[in-house]
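Protein chains: 2
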Amino acid sequence: MTAQMADKSYSPAASLEARTAWMAGRAEPLRAAGTVIQVAASREVFAEGGDTDVFYKVVSGVVRCCKFLSDGRRQIEAFHVAGDLFGFELGQERLLSAEAVSDCTLVSYRRRSIETLAQKDQTISHQLFQYAMQNLAQAQDHSLLLGRRGAAEKVASFLLGWAKLSADKRVLHLAMTRQDIADYLGLTIETVSRSLTQFERDGVIALPYSRQVKILNIDALEDLAA
Amino acid sequence: MTAQMADKSYSPAASLEARTAWMAGRAEPLRAAGTVIQVAASREVFAEGGDTDVFYKVVSGVVRCCKFLSDGRRQIEAFHVAGDLFGFELGQERLLSAEAVSDCTLVSYRRRSIETLAQKDQTISHQLFQYAMQNLAQAQDHSLLLGRRGAAEKVASFLLGWAKLSADKRVLHLAMTRQDIADYLGLTIETVSRSLTQFERDGVIALPYSRQVKILNIDALEDLAA
DNA sequence: CGCTTAATTGATCAGGGTCAATCGTGGTGG
DNA sequence: CCACCACGATTGACCCTGATCAATTAAGCG
Numbered sequence: 002m003t004a005q006m007a008d009k010s011y012s013p014a015a016s017l018e019a020r021t022a023w024m025a026g027r028a029e030p031l032r033a034a035g036t037v038i039q040v041a042a043s044r045e046v047f048a049e050g051g052d053t054d055v056f057y058k059v060v061s062g063v064v065r066c067c068k069f070l071s072d073g074r075r076q077i078e079a080f081h082v083a084g085d086l087f088g089f090e091l092g093q094e095r096l097l098s099a100e101a102v103s104d105c106t107l108v109s110y111r112r113r114s115i116e117t118l119a120q121k122d123q124t125i126s127h128q129l130f131q132y133a134m135q136n137l138a139q140a141q142d143h144s145l146l147l148g149r150r151g152a153a154e155k156v157a158s159f160l161l162g163w164a165k166l167s168a169d170k171r172v173l174h175l176a177m178t179r180q181d182i183a184d185y186l187g188l189t190i191e192t193v194s195r196s197l198t199q200f201e202r203d204g205v206i207a208l209p210y211s212r213q214v215k216i217l218n219i220d221a222l223e224d225l226a227a
Numbered sequence: 002m003t004a005q006m007a008d009k010s011y012s013p014a015a016s017l018e019a020r021t022a023w024m025a026g027r028a029e030p031l032r033a034a035g036t037v038i039q040v041a042a043s044r045e046v047f048a049e050g051g052d053t054d055v056f057y058k059v060v061s062g063v064v065r066c067c068k069f070l071s072d073g074r075r076q077i078e079a080f081h082v083a084g085d086l087f088g089f090e091l092g093q094e095r096l097l098s099a100e101a102v103s104d105c106t107l108v109s110y111r112r113r114s115i116e117t118l119a120q121k122d123q124t125i126s127h128q129l130f131q132y133a134m135q136n137l138a139q140a141q142d143h144s145l146l147l148g149r150r151g152a153a154e155k156v157a158s159f160l161l162g163w164a165k166l167s168a169d170k171r172v173l174h175l176a177m178t179r180q181d182i183a184d185y186l187g188l189t190i191e192t193v194s195r196s197l198t199q200f201e202r203d204g205v206i207a208l209p210y211s212r213q214v215k216i217l218n219i220d221a222l223e224d225l226a227a
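Just so you know, the protein sequences line up as chains F and D, in that order.
Be aware that the first sequence starts at 2, since it is given in our numbering, and climbs by one per residue.
Be aware that the second sequence starts at 2, since it is given in our numbering, and climbs by one per residue.
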């Protein structure tokens, strides 16, 4: 099931991370040990219940990690962008599934190998710990969003959060569909759409294309995010 | 602000953890380094924005960790019971606040000391890593609950989750108020109350006292949790 | 150019929130 | 000992946000 369009050994120089030094530096010590793979948009990287023998780092593209209820309802836990680790789990079985939102270049690492390395190299275990704690902090923020914010607040928060991950903080390119956004925010596509058009009517954003958002009034957007 | 009713050096033998071997064993290597404190019900242990120089383990009682929005809306991220670590954070400022739900006995650890110990003792860093990953998994489950489940499903899930933490899986003693449950589930007290009385009418639970829940039909409850 | 999938928009509905009254319980003091 | 009070919980009436259902428009793509 794991979509692998290419599979070759990883040369550090091949990485084209255009992120901040902090971001880019986060997983440095892992670099040498991985294998590059390509995953086409909407292909599955791994599935809930699968084996946890490998984990990944995003080189380029966007990945969504999500959970499903038995009846198909989906909750997207996080979108991962260049520099992010994902898919590391302690148990034997995966608790999340991961899919490529856009065409992605990933590096995969064998968990056993990294854990062996981590025994010796404290920087590696430290990276993984940072990874866990950052994801935890993000998941907790997300809970606040899901549990206590209204629809407009959710959408505004999402735009601001995505802006922080974007190179250009004023013109956002949404890699994901409205359905993805809805499943991330615990809403429906219709409500996401209506919130966006409302923001547009209010002059807070512009929507030249459905996947492009220009932030016209960031203060107003921050107010909307409450 | 940090409520400390007692403060003496910690004797490992004093701990009365009545939990599973796995739970009790989780934080063993930390034992020697802590200081016991007592916190009265509804007192704050630490506040959002505070210093992260100490973290805690619950010896007895229940602690809630939560976040607030500027207008006072609250989201409880987790309830912590005997054996759980809480309050460990990487940054300088706390992202969560913590309060005693019931009278609590806690052990506090200086973060710096533990981090120094962790440099040498791999089991300690391993404990902390486990702590982070478990909390992460729990937070992600919580997101699914908050984002995609209906009111009755939320309440049913909560009861089942609390049952797993309780000694007697059939007769639950709720340490927390309806408001706490509501803020944990992203609901209101009224909706929590209505769901419980509905479960009672349906013969799924009994409510002899408002803080005591007898699970009469656990299969039905599991079905309700979807 | 036509087909398919994504997104928007509108009309209606319902789940859960809000407001308000009542009940229950436990603590306090006359 | 019991009346009173305070606080938590329950219950009811009503409302509103966001979901659902449905139709239309827009955007990719072979």
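C-beta atoms are modelled at their ideal positions from N, C-alpha and C, and glycine is treated no differently.
Keep in mind the model is a prediction, meaning the values are calculated, not measured.
Can you list, in chain order, the residues of its chain whose CB lies under 7 angstroms from that of D/L208, leaving out five sequence neighbours each side?
L197, E201, V214
Hey, is D/H143's beta-carbon within less than 8 angstroms of any beta-carbon in chain F?
yes
Distance cutoff 8 angstroms, beta carbons only. Does F/D54 sit that close to anything in chain D?
no
My output table needs one value for D/S43: the three-state DSSP class, helix, strand or coil.
Three-state result, D/S43: coil.
Decide if D/A79 is buried, meaning its Cβ has at least 16 other Cβ atoms within 10 Å, or exposed.
That one is buried.
Nearest chain F C-beta to D/F130 closer than 8 angstroms, yes or no?
For D/F130, the nearest beta carbon of chain F is closer than 8 angstroms to its own beta carbon.
What residue does the beta strand (DSSP E) around F/L208 start on, and which one ends it?
Here the beta strand (DSSP E) through F/L208 covers 206 to 210.
What are the start and end residues of the alpha helix (DSSP H) that includes D/Q93?
Here D/Q93 belongs to no alpha helix (DSSP H), and DSSP marks it neither H nor E.
Give me, in chain order, the residues of the same chain whose beta-carbon lies closer than 8 angstroms to that of D/G92; leave out the 5 immediate sequence neighbours on both sides.
T53
Please classify F/E49: does DSSP put it in a helix, a strand, or coil?
The answer is coil: DSSP assigns F/E49 none of H, G, I, E or B.
Taking C-beta pairs closer than 9 angstroms, name the residues in chain D that F/L313 reaches, listed in chain order.
Residue 313 of chain F lies beyond the residue range present for chain F, which begins at 2 and ends at 227; the question has no answer from this structure.
With a cut-off of 8 angstroms, does the C-beta of F/R212 fall near any C-beta of chain D?
no
Using a Cβ-Cβ cut-off of 8 angstroms, state whether F/L96 counts as contacting chain D.
yes
Distance, Cα to Cα, D/I77 vs F/Q120?
36 angstroms
Check whether the stretch 120 to 132 of chain F touches the stretch 66 to 76 of chain F, taking contact to mean three or more Cβ pairs, one atom from each stretch, closer than 8 angstroms.
no
Tell me which residue opens and which closes the alpha helix (DSSP H) that D/R233 is part of.
No information on residue 233 of chain D is available, as it lies outside the stretch 2 to 227 that chain D covers here.
Which class does D/V156 belong to by DSSP, given the choice of helix, strand or coil?
helix
Output yes or no for whether 8 angstroms exceeds the beta carbon distance between F/G88 and F/A99.
yes
My guess is that F/S114 and F/A34 are in contact by the Cβ rule of under 8 angstroms, so how many angstroms apart are they, rounded?
Between F/A34 and F/S114 the Cβ distance is about 6 angstroms, and since that is below 8 angstroms, they are a contact.
Apart from the five residues just before and just after D/G50, which ones in its own chain have a Cβ nearer than 7 angstroms to its Cβ?
E94, R95
Say whether the stretch 141 to 157 of chain D touches the stretch 153 to 161 of chain F, bearing in mind that this needs 3 or more beta-carbon pairs closer than 8 angstroms, one atom from each stretch.
no
By alpha-carbon positions, which one of F/L118, F/Y210, F/R44, F/E191 ends up nearest to F/H174?
Of the listed residues, the one whose Cα sits closest to F/H174 is F/Y210.
Tell me which residues of the stretch 214 to 227 of chain D have at least one Cβ-Cβ distance to chain F shorter than 7 angstroms, keeping chain order.
A227
Does F/L118 have its Cβ less than 8 angstroms from a Cβ in chain D?
When Cβ-Cβ separations below 8 angstroms define contact, F/L118 makes no contact with chain D.
My assumption, with CB atoms under 8 angstroms, is that F/L217 sits in contact with F/I206. Please give the rounded CB distance.
6 angstroms
Do F/L137 and F/F159 have their C-beta atoms within less than 8 angstroms of each other?
no
Considering only the alpha carbon of each residue, which of F/E90, F/Q123, F/W163, F/T36 lies closest to F/R212?
Measuring from the Cα of F/R212, the nearest candidate turns out to be F/W163.
Using a Cβ-Cβ cutoff of less than 6 angstroms, which residues in the same chain neighbour D/A22 once the five nearest sequence positions on both sides are dropped?
With a pLDDT of only 37 at D/A22, under the threshold of 50, the placement of this residue in the model should not be trusted; the figure read from the coordinates follows. Result list for D/A22: empty, nothing under 6 angstroms.
Express the C-alpha separation of D/I219 and F/K165 in angstroms, rounding to a whole number.
45 angstroms
What does the Cβ neighbour count give for F/D169, buried or exposed, with the cut at 16 atoms within 10 Å?
The Cβ neighbour count for F/D169, taken over all protein chains shown within 10 Å, is under 16; the residue is labelled exposed.
List the endpoints of the continuous beta strand (DSSP E) containing F/S109.
105 to 111 is the extent of the beta strand (DSSP E) around F/S109.
If we define contact as Cβ-Cβ less than 8 angstroms, is D/R113 a contact residue for chain F?
no
For a contact defined as C-beta to C-beta under 8 angstroms, what are the partners of D/K165 on chain F?
Correct list: empty, because the minimum Cβ distance to chain F is about 16 angstroms.
For F/V55 versus F/L107, is the C-beta distance shorter than 8 angstroms?
no
What first and last residue would you give for the beta strand (DSSP E) that runs through F/L173?
172 to 174
For the alpha helix (DSSP H) containing D/R195, name the first residue and the last one.
190 to 202
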